[in-house]
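S.K.: Here it is, the structure in full.
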Amino acid sequence: MIIEAVTLQRGGPLWAVGPARYAWQTQLQPMTKPHLLRQVRLGPHQHVLVGLPVRTWSCASKYGWASVPFVYVTEKFGPFTHTVPLAWGPQNDELVLHLADGPHGGPDPICAAR
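Under the working numbering, the first residue of the sequence shown is numbered 27, with each subsequent residue one higher.
So this is what it looks like as structure tokens:
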């Protein structure tokens with residue numbers, strides 16, 4: 027199997043701001059020198075760690091939540107290419123974030139320092 031890309035759902039609370047990178051899971055400190063994720067060939071029982079730089083809203087509401095349950099992996103096996111959703115971790119983990127909010131859109135917004 028060849029991993030061709032790792033992406034996020036469009037229009038969600040997170041968006042990618044750079045290319046995905048990977049490191050083999052067997053390395054002692056795997057993400058210290060990651061490689062660009064392009065055409066990564068995995069054999070049976072091989073694993074890679076994937077890093078994807080992301081951004082989220084600059085202001086959020088204290089009272090609402092959004093989740094990002096999956097990353098999308100485009101894989102190729104023989105002549106077939108397809109994209110599948112994968113959970114963030116081994117136990118169907120997902121990311122949970124505060125809902126988006128404008129700087130003056132609701133009560134008590136949380137905003138990143140400028």
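Where is the CB? At the ideal position from N, CA and C, for every residue including glycine.
1) Just the Cα atoms here: how many angstroms apart are residue 72 and residue 49?
2) Measure the alpha-carbon distance for residue 90 versus residue 34 and round it to whole angstroms.
3) In whole angstroms, what separates the C-alpha of residue 125 from that of residue 134?
4) So, do the stretch 29 to 48 and the stretch 78 to 88 have three or more beta carbon pairs nearer to each other than 8 angstroms?
5) Start and end of the beta strand (DSSP E) containing residue 87?
6) Roughly how many angstroms lie between the CA atoms of residue 67 and residue 88, to the nearest whole one?
7) Taking its Cβ as the centre, do 16 or more other Cβ atoms sit within 10 Å of residue 138, making it buried, or is it exposed?
8) Smallest Cα separation from residue 28: which of 119, 118, 109, 60?
9) Let me check understanding here. Comparing Cα to Cα, which of 127, 99, 83 lies closest to residue 40?
10) For the putative contact between residue 94 and residue 121, defined by C-beta atoms under 8 angstroms, what is the C-beta separation to the nearest angstrom?
M.R.: On the basis of the coordinates in this document:
1) Position 46 of the sequence shown, counting from 1, holds the residue named residue 72. Position 23 of the sequence shown, counting from 1, holds the residue named residue 49. Cα to Cα, residue 72 sits roughly 11 angstroms from residue 49.
2) Numbered from its first residue, the sequence shown carries residue 90 at position 64. Numbered from its first residue, the sequence shown carries residue 34 at position 8. About 21 angstroms.
3) Locating residue 125 in the sequence shown gives position 99, counting from the first residue. Locating residue 134 in the sequence shown gives position 108, counting from the first residue. Distance between the alpha carbons of residue 125 and residue 134: 13 angstroms.
4) yes
5) Position 61 of the sequence shown, counting from 1, holds the residue named residue 87. Residues 85 to 94.
6) Within the sequence shown, residue 67 is the residue found at index 41, counting from 1. Within the sequence shown, residue 88 is the residue found at index 62, counting from 1. Cα-Cα distance, rounded: 42 angstroms.
7) For the purposes of this step, residue 138 is taken as residue 112 along the sequence shown, with counting starting at 1. So residue 138 counts as exposed.
8) If you number the sequence shown from 1, residue 28 lands on position 2. Looking at the Cα atoms, 109 is the closest of the given residues.
9) As a first step, residue 40 is located in the sequence shown; it is residue number 14 there, counting from the start. For residue 40, the nearest C-alpha among the options comes from 83.
10) By one-based count along the sequence shown, residue 94 stands at place 68. By one-based count along the sequence shown, residue 121 stands at place 95. Residue 94 to residue 121, Cβ: 4 angstroms. Contact.
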